[in-house]
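Residues 7 to 318, numbered by this note's numbering, are exactly what the sequence shown covers, in order.
Data first, discussion second: the structure below is written as structure tokens.
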Amino acid sequence: MDRKKITIVGAGHVGAHAALWAATKELGDIVLVDIVDGVPQGKALDLMEASPIEDFDARITGTTDYKDTEGSHLVIVTAGLPRKPGMSRSDLLAANTPIVRSIVEQAIKYSPEAIFIIVTNPLDAMAYVAKEVSGLPRERVIGMAGALDSARLRAFVAMELNCSVEDVHALVMGSHGDEMVPLADYTTVAGIPVTQLLPKERIDAIVERTRKAGGEIVSLLKTGSAYYAPSASVMEMAEAIIKDKKRIIPCSVYLQGEYGIEGIFLGVPVKLGKNGVEGIIEVRLTEEERKALNRSAESVRSLIEEVRLGEG
Ligand code: APR
């Protein structure tokens, strides 16, 4: 089997750690791209030099030139500003929209067959920008959000129950932000609904912590946002695609009527395989959950309106 080529744009905290996970999992050869000359080259070389110790075979190169990304199977976009304390989503939107736009424009020229995974925040709006700019079908532009939000919920449940994270599964839908929709009914421990294992107030507290988990890290770090779990989450998706695993992972995808929502990116359970999005699963929701999902959709819609106004 030919080795896959994975381009990671943004060699900052998230991008560099994504490269590390991808390399150790031997998912393919990695091209790190950044706008700051020297940084992607330096980090790529440093990673190559770790390979004999950690025993992974991957060619890792760094560049500022998109020509080097030619023929990529996957393009992962992590470039842009991370959220800092006090920064509104609108500030982040204004800063990151032109960055994502120019990256996708350049990357698609050299890799017209690639699947794009967007990580830059505000996530659902940036995925929309990537789809608009690339003109790609929705199967090939996917936002990373639910994988991370669900991982956080899983970690919190395992911490609370003092049990292995391996046995905990969770589903978080909706937008990547305060309006996300963690679904307690679909959170299980070895198949046992968490609602049978924890009292309602503990579940509510865990759900609330999950909603604010990104902000919790931002307020601790003070100078940036989370990167270990985000980079691991994006590689969970990349692995599912590269190995055609057909995994079911919540991702932000362009909805065309699923859940009664149309024309925006929103987190829903998705089947990921070699073609990217290979299916969208519509789960049963309670009245309350459906309302929460609609609120989530409205918050994404208003951000997308801002993107459109900016294009004005
Ligand atoms: N092209 C390529 N790289 C760029 C560009 C650009 N136009 N603009 C900025 N970058 C690079 C920066 O030089 C930096 O190396 O993107 C990198 C961002 O890295 P960090 O500042 O460390 O940010 P990080 O924590 O990795 O977060 C990046 O991912 O999770 C999201 O909210 C987060 O939007 C943020 C993104």
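Cβ coordinates follow ideal geometry from the N, Cα and C atoms, glycine included.
Computed from a prediction, not measured in an experiment: that's the story for all the values here.
The beta carbon of Asp97 lies closer than 7 Å to none in the same chain, with the five residues before and after it left out. A straight line joining the alpha-carbon of Glu304 with that of Gly86 spans about 24 Å. In this structure, ligand 1 has a non-hydrogen atom nearer than 6 Å to the beta-carbon of Tyr233.
With a minimum length of 4 residues, the unbroken runs of alpha helix (DSSP H) contained wholly in the stretch 139 to 198 fall at 152 to 167.
Here Asp71 carries a coil assignment [DSSP, helix/strand/coil]. Relative to the Cα of Glu172, the nearest Cα in the group Met179, Leu159, Val224, Ala211 belongs to Leu159. Val139 places its beta carbon less than 7 Å from that of Glu111. Where Val106 is concerned, the enclosing alpha helix (DSSP H) starts and stops at 95 to 116. Under the three-state reduction of DSSP, Lys10 is assigned to coil, being neither helix nor strand.
Of all C-beta pairs linking the stretch 203 to 214 to the stretch 249 to 257, fewer than three are shorter than 8 Å, placing the two stretches out of contact. Sequence-distant Cβ neighbours of Thr103 in its own chain, meaning closer than 7 Å and more than five residues away, are Val135, Val313, Gly316.
Taking the Cβ atoms as the reference, Val83 lies roughly 6 Å from Thr126, within the contact range of under 8 Å. Judged by the Cβ position, Pro275 fails to qualify as a neighbour of ligand 1 at the 6 Å threshold, every heavy atom of the ligand being at least this far.
Relative to ligand 1, even the nearest heavy atom lies 6 Å or more away from the CB of Gly44. Assignment of beta-bridge partners to Ile209 by DSSP yields no partner.
Under a 10 Å Cβ-count criterion, Val289 is classified as exposed, with fewer than 16 other Cβ atoms of the shown protein chains found around its own Cβ.
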